[in-house]
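Trainee: The structure's right below; bear with me while I get my questions together.
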Amino acid sequence: QVKSCHLSAALLGEDSEISQEQLYELLKYAALGKCHNAAQPSWCRIYHQSHLAGVVVVVLHGMSQLHFYRFYLQFKHLRRAFHHRFTLASSANFPVSLYGEGTNLKPQNTPQGLTSTSSECTTKSSDLQCDPIIQRYGEKKQGLTSYTLTLEEQKKNDYPIEGSPGCKGYISTECDQQRTDSSPLFGLDCEMCLTAKGNEVTRVSLVDARGQCLLNELVKPERTVVNYRTRFSGITRKMLLPVKTRLSDIQTRLKKMLPHDAVLVGHSLNSDLQALEMIHPSVIDTSLLFARSEGRRFKLKFLAKAVLGKEIQCEQKLGHDPTEDARAALELAQFFIEQGPTKVAELNLEMLLTAEKLAEVSQNKAVLQPQGCGFQEQLNEPPPLSKPCFLDCLQVTGQKPLLLGRQGSDSSGLCQSNLSTSNKQILQRALEDVPLSKFSIIQFSLGPEYLASHLHAGLPEKVRSKLTDMLTIYAGPFEENFCMKSVKKEFGRCGPIQSLTVVTETFQPYVCIQYEVLEAAQLAVECLNGAEVAGSCIKVQRPVTAAMLDCNVLIKELELDVENEGVIYVAGLKKSLTEKDLQEEFSQLKDLEALFLPKDLQSGKHRNCCFLKFQKTQSALDALEAINGWTMKGSQLRSRNALAPGHLWRWIWQMNHSSEKQGKHIFYEKMEQLSDSEQDLRKKVKKLDQHIKKLYRSLQNNTLCVVLFPGVNSTHGAQPGLGLMGIKDDEGRSAC
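Going by UniProt numbering, 468 is the number at position 468 of the sequence shown; the sequence numbering is gapless.
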């Protein structure tokens, strides 16, 4: 019996933006698996990868997250078929960032090629100015204080900061910021296990500037371990059984060991300090020190090999060695400080990384190539890199990838020999050829005529206007001298308010309230319509515009969205409550899986609402019934089913704050009737959804399907993308 493959991804809340690199990581593992040294992706997990029937990637060229939510009702199949949805970071060139297209580099054909400094693996001085390291630090050698993170950089990269939200109860090392270029460096690394609380420290290592180990201690977590992550942490249940040391003991020891001007060094050190629940002012983060473009980061394993010539995190070892990792990060920082930015930039780490990947491919080809094919002669030629590493590997192992695209969509190079003239032709080819391929990339498009049209350019404003209308309610009438404070308090119990104004054009006063989340506006309509507020029996309604006529239909469909299954919204919380407080308050609720407490992205303060995700839909319904009417810390709670998937909260906030509102529903006053081109576009989107539905239904069970709205970078600004993914099961839906 074939094992059923399934996918696990914790994407609720603000951490659901996935980079192009992380997406590549997923596709590489799905396509190649462990037998080709591909690792499980860091942000999700594929179970029984070896039983995957295939991988199908559908790319909707020229479309972004905006398109999905603008045409939400038209994308009927997409929103119902896939359990996992994530924001995809926009890229200047999506095909290049995802498929590795168009690189022209000469890899070293020697085992030592990775650390070679020959002319082929060094950068000309004229090119150094474009190197991210030189752009960030300049060319001159500087002292260590020039490479410590500023307070703003620490905030940006989620370092625990004194007095910041979310750091309540954190312990300060009590070191001051009076660091000098002679201040001592200490390497720090932690290993974490997943518990009911989240990531908890289970091992801590600290090394001094000479690399001598000062601390290497196992730590007993506060809560029950859910996942030991042994493959990465090296921690097992047996190891932790006799351990008595607690986090507070480690905090005390670190405070005593670190001098007042200590500088901590680590790779993505923010994660270690967050897990340690400690605040330290002077840090060097090697994942940021060795700067890359577009926010990408080199892995510690690669840097150790490329810069120091050391092998760490070897496959033969069970998990990572935190002392080894702490020492590697320390030596990398010391190398950078001693050699200076120019010497580091001259290593050309990007080229070395590409050379390493190509060397792996060459080794696979050398093993599989039949005798007499002249492969050694080919190695002396610079190979054309028209495909990314893992697609090349697929071909070497006899798994020829299928690449189908639309002629004239762009120069993505998805398919030079399989160009089609329409989406219908692409679908027909896909239905015939996808079953014959283990890995397929199918690119659909609305066509160049749409991408060049005013409809495409005006999309952000259309979505913003629609969202504004859905987030806005009108309430009244009130008495002439009504108490605004009472109104704000009552409506604030439904969720965070963006703005509240009095409407003076009416005979009696009304108020216009714009909320920050869709659930809050809907709660206000459901709970306060017909209620007595500030001494008046009021009516609560949304704006009446042409665009809002389908609002109730849209709300109903959002409630049924698979991403919202088992998720409820709770409002009326006191802002002083932390995530830890809420976990304790809601601990009695059955099958509670995750809690997301939104924050104001400017101030960092918690909002007065949260989202709860349950393992079972029935448990969520039971929780709804239990929570409505609850009093928590003197505040009465209100709750309802979630409407906006967790990853959307940040996006909606950014949409509302990206520009000032342009008058009162200006766009929809001008567009009372849809233009022919707009109607035609909706038909095209609906047809596109049907094409994907037909393709999806034709897939074998246990096929991983990923649908990508790659995002848009244009003169009108960057628009993030959207990804939907799942593994098809027997019922034709994606398996969780």
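Quick reminder that beta carbons are idealized off the backbone N, C-alpha and C, glycines included.
No experiment lies behind these values; they were computed from the predicted model shown.
Starting from Glu559, trace the alpha helix (DSSP H) both ways and give me its first and last residue.
Mentor: Here the alpha helix (DSSP H) through Glu559 covers Cys551 to Leu560.
Trainee: Over what stretch of residues does the alpha helix (DSSP H) that includes His77 continue unbroken?
Mentor: Note, His77: alpha helix (DSSP H), Lys76 to Ala81.
Trainee: With distances taken Cα to Cα, identify the nearest neighbour of Ile284 among Lys299, Tyr147, Phe86 and Lys683.
Mentor: It is Tyr147 whose Cα lies nearest to the Cα of Ile284.
Trainee: Provide the residue(s) that pair with Tyr515 in DSSP beta bridges, ordered along the chain.
Mentor: Tyr515 pairs with Ile497.
Trainee: Check whether the stretch 564-576 touches the stretch 604-621, taking contact to mean three or more Cβ pairs, one atom from each stretch, closer than 8 Å.
Mentor: These segments touch.
Trainee: Under a Cβ-count criterion, where at least 16 other Cβ atoms within 10 Å of its own Cβ denotes burial, should Ser8 be classed as buried or exposed?
Mentor: Ser8 is exposed by the Cβ-count criterion.
Trainee: By how many angstroms is the C-alpha of Gly166 removed from the C-alpha of Thr578?
Mentor: So the two alpha carbons sit approximately 7 Å from each other.
Trainee: Exposed or buried, what is Gly726 when buried is set at 16 or more other beta-carbons lying within 10 Å of its beta-carbon?
Mentor: Result: buried.
Trainee: I need the boundaries of the alpha helix (DSSP H) containing Ile250, first residue and last residue.
Mentor: Per DSSP, Ile250 belongs to the alpha helix (DSSP H) from Leu247 to Met257.
Trainee: When the Cα of Gly163 is compared with those of Gly604, Tyr29, Thr286 and Leu695, which residue comes out closest?
Mentor: Cα-wise, what sits closest to Gly163 is Gly604.
Trainee: Which whole-angstrom value is the C-beta distance of Leu188 and Leu264, which I expect to be below 8 Å?
Mentor: Leu188 to Leu264, Cβ: 5 Å. Contact.
Trainee: Per DSSP, Val207 forms a beta bridge with which residues?
Mentor: Per DSSP, Gly187 and Cys213.
Trainee: Mark His67 as exposed unless 16 or more other C-beta atoms lie within 10 angstroms of its C-beta, in which case mark it buried.
Mentor: The residue is buried, with at least 16 neighbouring Cβ atoms inside 10 Å.
Trainee: Nearest-angstrom Cα distance between Val56 and Leu402?
Mentor: Cα to Cα, Val56 sits roughly 9 Å from Leu402.
Trainee: If we ignore side chains and look at the alpha-carbon of each, how far apart do Leu722 and Gly211 end up?
Mentor: Taking the straight line from one Cα to the other gives about 44 Å.
Trainee: I think Ser486 touches Val533, with their Cβ atoms under 8 Å apart; what is that distance to the nearest whole Å?
Mentor: With a Cβ gap of about 7 Å, Ser486 and Val533 count as contacting.
Trainee: When the Cα atoms are used, what is the spatial distance from Leu724 to Phe709?
Mentor: So the alpha carbons of these two residues sit roughly 9 Å apart.
Trainee: Whose C-beta lies closer than 6 Å to the C-beta of Pro111 among residues of the same chain, with five residues either side of it excluded?
Mentor: Only weak support is given to the placement of Pro111: the predicted model assigns it a pLDDT of 31, under 50, and the question is left unresolved by the model.
Trainee: For the beta strand (DSSP E) containing His267, list its first residue and its last residue.
Mentor: Element bounds for His267: n/a, residue is neither H nor E.
Trainee: Around the Cβ of Gln251, are there at least 16 other Cβ atoms within 10 angstroms (buried) or fewer (exposed)?
Mentor: By the neighbour-count rule (16 or more Cβ atoms within 10 Å), Gln251 is buried.
Trainee: Would you report the Cα separation of Glu490 and Pro598, rounded to the nearest angstrom?
Mentor: In a straight line, the C-alpha of Glu490 is about 20 Å away from that of Pro598.
Trainee: What are the boundary residues of the alpha helix (DSSP H) that Ser287 is part of?
Mentor: Unbroken alpha helix (DSSP H) run through Ser287: Thr286 to Leu289.
Trainee: With distances taken Cα to Cα, identify the nearest neighbour of Asn713 among Ser205, Glu593 and Gly62.
Mentor: Checked all of Ser205, Glu593 and Gly62; the closest Cα to Asn713 is Gly62.
Trainee: Starting from Thr703, follow its DSSP beta bridges and name the residues at the other end.
Mentor: Paired residue(s): Gly54.
Trainee: From what residue to what residue does the alpha helix (DSSP H) around Arg136 run?
Mentor: Run containing Arg136: Pro132 to Tyr137, per the alpha helix (DSSP H) assignment.
Trainee: Pull up the distance between the alpha-carbon of Leu330 and that of Glu153, whole angstroms please.
Mentor: Rounded to the nearest angstrom, the two C-alpha atoms are 20 Å apart.
Trainee: What's the C-alpha gap between Leu404 and Leu643?
Mentor: Approximately 35 Å between the Cα atoms of the pair.
Trainee: Can you check which of these residues, Thr286, Asn270 and Val706, is closest to His280 by C-alpha distance?
Mentor: The candidate whose alpha carbon is nearest that of His280 is Asn270.
Trainee: With Lys684 and Cys705 assumed to form a contact (beta carbons below 8 Å), what rounded beta-carbon distance in angstroms separates them?
Mentor: About 22 Å; that fails the 8 Å criterion.
Trainee: Look up Leu643 in the DSSP assignment and say whether it is helix, strand or coil.
Mentor: Coil at Leu643, not helix or strand.
Trainee: Given this structure, state the Cα-to-Cα distance separating Leu431 from Met351, to the nearest angstrom.
Mentor: Approximately 39 Å between the Cα atoms of the pair.
Trainee: Buried or exposed: where does Lys633 fall if 16 or more other Cβ atoms within 10 Å of its Cβ makes it buried?
Mentor: Per the 10 Å Cβ criterion, exposed.
Trainee: Quick check on the DSSP output: what are the complete alpha helix (DSSP H) runs of length 4 or more inside the stretch 417-442, in order along the chain?
Mentor: DSSP runs (the alpha helix (DSSP H)) wholly in the stretch 417-442: 423-433.
Trainee: Cα separation between Asp181 and Leu347?
Mentor: Rounded to the nearest angstrom, the two C-alpha atoms are 25 Å apart.
Trainee: In the DSSP assignment, find the alpha helix (DSSP H) that holds Val487 and state where it starts and stops.
Mentor: Per DSSP, Val487 belongs to the alpha helix (DSSP H) from Met484 to Gly492.
Trainee: Per DSSP, what are the beta-bridge partners of Ile312 in this structure?
Mentor: Bridge partners of Ile312: none, in fact.
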